[in-house]
Amino acid sequence: MSKIGKLITKGLLSSQRLYKMEMAVPKQELLDILNRQSEPKDLIDRSYNQYVCQKAYMKTSIRLLYPFVSFFAAPLLLVIALIKGLFVSFRESIDVIGHFDGLTEIIPESLRTKYQIDTNHWSYSFSLAFSDLVYLSQIWIRHPFSFYYLIKCLLNIAKYSDMLRRYHPEVLICHAEFSFTSSVLTDYCRRNNVKHINVMHGEKCFSIRDSFFEYDECYVWDEFYVKLFEMQRCNINQFVIEVPPSLKIDTLQYKRPNCYADYKYYLWEDNQEKLKKIYDAFNDLRQQGKKVKFRLHPRYCDIDKVCQVIPIEEIEVPKDVTILESISNTSYVVGFLTTVMAQAYFSKIPLIIDDVAYKEDYEKAREYSYMLASKNLPVLSTVK
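Last residue of the sequence shown: 384 in the numbering used here, with the numbers rising by one and none dropped.
Right, here's the structure in full:
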């Protein structure tokens, strides 16, 4: 599978996890939590507000366990980081370091043009200089009993400190708006004259998990996400709209007539009841002579289970057809809440959203500001 194909697979998985996690809590409850937070005066406030919002998603047992463990672990980790810091020295100058772990396709073209981005030296090591204690103490004084918050700030600042002392970068580029330490790290970077940039890397819906964050620049796919993040009280001045290469397909490069179908449905589960509803939704189109294919999810669809409902000749197997070939050889991409659909949308391929098998989920997605549900796209129940 191509790198982009792997990215789409990862994007698909994260979209479904996102859906299950973010929409499990009533939206009004999330809004109440969001609106209770005071207006942030600085980036430490933004970071702490995001942490408070994220606690809404934590189970009670985790809320109790994490601070308890952090209380004992933080002093030990602080000492270890300071000792390690004694042995960290400058290695080489790298102006721009990006954290992409093989997912370079999500980097916007304008950033590639502007910077020579090194993706091999993002540090997973952690260490602290004694001068870092001044900044860490400022956070501790303001939130002395938020032990889990403090240990996360300590660890992530230690990672950045290690990288800054080894490579003296001018710019750090990441994809971590979901981290409640993101704003603190922006503040830390600014204090060290380093620019902190974030790149959107997966589908988003309304979620206070992504509230309040601030970077020097944050690249998003569409104006829709700017409004979404503004609703979530993020700093509105940071956003730059640009669709990355991972979401744009030159379909002419991947034409393959033998895998063409008028409609392709992108499955993400093999639930028998759901499969039956999905398959029957295309009966009228089949009678009109339209060709329909159902693409299996490479991890979550058991072909034997799917074949109990859908004939083998209508199934598209990922190992036989790459995702880029698949999307490029259809007139309509059909599915629900997958990054594959976002890729098709930005590649100007017509979409149909499944509101038949996922009727309740579709309404929920509209409520939680799922981008494609807001675009007035055709829905499966009306396609005849």
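Yeah, the Cβ is synthetic: ideal placement off N, Cα and C, and Gly gets one too.
Residue environment analysis places I303 among the exposed positions, since fewer than 16 neighbouring C-beta atoms fall within 10 angstroms of its C-beta. In the three-state reduction of the DSSP assignment, C205 falls in the coil class, being assigned neither a helical nor a strand state. Under a 10 Å Cβ-count criterion, V243 is classified as buried, with 16 or more other Cβ atoms of the shown protein chains found around its own Cβ. Taking the C-beta atoms as reference points, I349 is found no nearer than 8 Å to L377.
Between I173 and I141, the alpha-carbon positions lie close to 29 Å from each other.
The Cβ atoms of L351 and A344 sit closer than 8 Å to each other.
For R295, the pairing in a beta bridge is given by DSSP as Y266 and E316. Put simply, the region 38–53 touches the region 177–185. At least three CB pairs are less than 8 Å apart.
Listed in chain order, the beta strand (DSSP E) elements of length 3 or more contained wholly in the region 320–354 are 330–335 and 351–353. Pairing D118 with I94 gives a Cβ-Cβ distance under 8 Å. A73 and F346 have their alpha carbons spaced roughly 45 Å apart. Counting along the chain, the unbroken alpha helix (DSSP H) around E273 starts and ends at Q272 to D280.
In the DSSP assignment, I197 falls within the unbroken beta strand (DSSP E) covering K195 to V199. DSSP places F87 outside both helix and strand once states are collapsed to three, so it counts as coil. Taken in chain order, the whole beta strand (DSSP E) runs of length 3 or more contained in the region 19–106 are 96–98. Between E269 and F294, the gap from beta carbon to beta carbon reaches 8 Å or more.
Pairwise C-beta distances place the region 245–258 out of contact with the region 276–286, as fewer than three of them are shorter than 8 Å. Assignment of beta strand (DSSP E) within the region 134–222, counting only whole runs of 3 or more residues, yields 171–174, 195–199 and 217–220 in chain order. Bridge partners of V240 according to DSSP: Y219. Linking Q272 to Q308 through their CA atoms gives a straight-line distance of about 8 Å. Sixteen is the threshold: since fewer than 16 other Cβ atoms of the shown chains lie within 10 Å of the Cβ of L86, the residue is exposed.
Beta bridge pairing from DSSP links V379 with I353. Beyond the five residues adjoining it in sequence on each side, Y368 comes within less than 7 Å, by CB distance, of E22, M23, K27, C205 and F206 in the same chain, given in chain order. Looking at S374, S328 and V79, the one whose alpha-carbon comes closest to that of D222 is S374. Sequence-distant partners of T104 (beyond 5 residues in either direction) whose C-beta falls short of 7 Å from its own C-beta, in its chain, are T119. In this structure, A342 sits near L247, with a CB-CB distance shorter than 8 Å. Annotation: the continuous alpha helix (DSSP H) that includes N283 extends over N283 to Q287. With at least 16 other beta carbons inside 10 angstroms of its own, F212 counts as buried.
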